[in-house]
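In the numbering used here, the protein residues as written are 0 to 183. Cβ coordinates follow ideal geometry from the N, Cα and C atoms, glycine included. To keep things clear, I will list the structure first and then write my remarks on it.
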């Protein structure tokens with residue numbers, strides 16, 4: 000739990016989310032620790048709940064878990080993720096909105112190309128089944144995605160790895176946006 004609290008603060012400090020937006024989770028066996036809906040990522044003490052990854056019936060804590068709880072569940076079920084971070088970074092959101100339907104964000108700087116290759120842009124409303132399905136599907140082959148007009152989701156074997164991914168996506172999108180603007 001302390002690790003999620005630490006990285007919630009890091010997400011806000013790095014400008015990868017603001018105020019009450021974004022969420023964090025960590026897999027623990029067949030359960031996950033996840034931030035609560037409306038919680039501030041830089042003040043997560045007492046704002047993390049444990050819910051099952053594959054509930055046979057809706058869990059009573061689902062009502063206070065992040066609105067993205069079903070997206071996290073789908074990602075845990077469909078990938079090898081042990082941690083998931085979700086941010087709302089500016090340039091990733093902007094670049095997703097500039098993509099044509101079906102396009103991916105293709106980084107331009109050498110580190111991002113090497114590390115990320117390309118960044119899928121997925122569709123679906125906040126917490127929707129469409130977003131859960133699309134994000135989980137894309138994250139089978141990628142470590143990070145951008146939800147169209149919404150924000151980044153990253154998976155990792157550790158919370159630290161997921162943080163590196165969302166940071167790298169924002170870096171790649173910032174560089175790409177600035178390069179695109181300079182060309183115009």
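In this structure, residue 43 lies away from residue 16, with their beta-carbon atoms at least 8 Å apart. About 13 Å separates the beta carbons of residue 151 and residue 111, which is beyond the 8 Å limit, so they are not a contact pair. The residue from 67, 45 and 38 with its alpha-carbon nearest to that of residue 52 is 67. Taking C-beta separations shorter than 8 Å and ignoring five residues to either side along the sequence, the partners of residue 125 in its chain run 66, 67 and 149, following chain order.
With respect to the 8 Å criterion, residue 119 and residue 103 are classified as neighbours on the basis of their beta carbons. About 15 Å separates the Cβ atoms of residue 81 and residue 139, ruling out a contact at the 8 Å cut-off. For residue 91, no beta strand (DSSP E) segment is defined; the enclosing uninterrupted segment is the alpha helix (DSSP H) at 89-97.
One Cα belongs to residue 48, the other to residue 175, and the distance between them is close to 37 Å. Residue 128 is classed as exposed because its beta carbon has fewer than 16 other beta carbons within 10 Å across all chains shown.
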